[in-house]
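Comments concern the structure below.
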Amino acid sequence: MHHAGFVHRDLKPNNFAIGLKSNGENKTRQVYLFDFGLARKFVQPKKESMVSKKTEKESKLKPAQSKLKATPSKANTLPSTASKPKHKIGGPRKNDQLQMSNILHRQLVAPTKSNESGKVRATSQEKPIEKSFEFRKPRPHTDFRGTHQYASPNAHLLKELGRHDDIWSLMYMIAEFFVDLPWTHNEEIPIEDLKNQASLLRIFMDEKNPGRLTTKMHCQLNEIDAMLKKMNYYDSPNYDLVYQFLKDSMDKAKVDWSTPYDWESNGKSEKDGD
22 MHHAGFVHRD LKPNNFAIGL KSNGENKTRQ VYLFDFGLAR KFVQPKKESM VSKKTEKESK
82 LKPAQSKLKA TPSKANTLPS TASKPKHKIG GPRKNDQLQM SNILHRQLVA PTKSNESGKV
142 RATSQEKPIE KSFEFRKPRP HTDFRGTHQY ASPNAHLLKE LGRHDDIWSL MYMIAEFFVD
202 LPWTHNEEIP IEDLKNQASL LRIFMDEKNP GRLTTKMHCQ LNEIDAMLKK MNYYDSPNYD
262 LVYQFLKDSM DKAKVDWSTP YDWESNGKSE KDGD
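Okay, here's the thing in structure tokens:
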């Protein structure tokens, strides 16, 4: 979604779903994100690029128009115009759509195995933002967007939300799968104060199961926390860092993508058959 130029602004468990196995298609290992009612585009076409395209279009059309006016005979003008069209209607708009697909700095690609350890690691490709697009300027003040339980600290400060704010919400959501968030049953301290005070490591810590996180995962959570706190609206998150934390969590739990979910019967995943 970020790669398409949008921020969701309301990541929470209710906005995710797991695929089903139906009509011969197995989608039980696909996670779907939906409800884009609060989503916002954070890029826009550059004004100068729009002006230059308009000027270029006019410069291509004017010679053709002047030639048609100067030559009244259709027989002399139509064949040459038809055989060598100088302008295609809708061309710039199609190009905009193609460029729009490459506006993000980074794009996650499929995990690959390192030659040394053989462990799966997150990889990414750097992609420059297209020159014909630019960031939309953040508004100095906005209304609250999101769900209080999972909204980023910036959402409570009524700031314009960027890509890193979606990562905040994602981390809160993942932590809640294992422990109660510190502000869940709180009615005394403002929720935004608790979010500002609690680090991600503190939020993920489980007193009943202190061994759930490895020392490496402690460091990863601290890195993610530091990254998010220093980022602004324009910054691109380190998706690799978040991905690697999730992958290490799977390794620690000794599960992979074919491991049955807890609701799948007979201890078999849909991948293995009924």
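Counting from 22, one number per residue, gives the positions in the sequence shown under our numbering. For glycine and all other residues, C-beta sits at the position ideal for the given N, C-alpha and C. Nothing here was measured: the structure is a model prediction, and the numbers come from that model.
Item, Value
"Since Q65 sits in a beta bridge, which residues does DSSP pair it with?", "E155"
"By Cβ distance, which residues of its chain are closer than 8 angstroms to L202, with the 5 residues on each side in sequence left out?", "Q170, Y193, A196, I224"
"Helix or strand or just coil, what does DSSP make of G26?", "coil"
"Contact defined as beta carbons within less than 8 angstroms: I believe R166 pairs with L59. What is the distance between those atoms, to the nearest angstrom?", "5 angstroms"
"So for A131, helix, strand or coil by DSSP?", "Low local confidence applies: a pLDDT of 36 at A131 is under 50, so the model's placement there is unreliable, with the coordinate-based value given in what follows. Three-state DSSP puts A131 in coil, outside helix and strand."
"Measure the Cβ-Cβ separation of G40 and V64 and say whether it is below 8 angstroms.", "no"
"Express the C-alpha separation of E285 and V28 in angstroms, rounding to a whole number.", "33 angstroms"
"For E181, does the count of other Cβ atoms within 10 angstroms reach 16, so buried, or fall short, so exposed?", "buried"
"Between P258 and the rest of its own chain, which residues show a CB-CB distance below 6 angstroms, the 5 nearest in sequence each way excluded?", "R184, H185, I188"
"Considering only the alpha carbon of each residue, which of Y53, T49, H23, N44 lies closest to P34?", "Y53"
"Between which two residues does the beta strand (DSSP E) holding Y260 run?", "Careful: Y260 lies outside any beta strand (DSSP E), inside the alpha helix (DSSP H) at 260-274."
"Pull up the DSSP beta-bridge partners for L54, would you.", "F37"
"Does the beta-carbon of A176 have 16 or more other beta-carbons within 10 angstroms, so that it is buried, or is it exposed?", "buried"
"In chain order, what residues of the same chain lie with their CB nearer than 6 angstroms to the CB of D164, ignoring the 5 residues before and after it?", "none"
"By alpha-carbon positions, which one of K275, D56, G45 ends up nearest to T168?", "D56"
"Between K140 and K268, what straight-line distance do the alpha-carbon atoms span, to the nearest angstrom?", "In this prediction, K140 has a pLDDT of 45, which is less than 50 and means its spatial position is unreliable; what the coordinates show is noted afterwards. Each residue's alpha carbon lies about 10 angstroms from the other."
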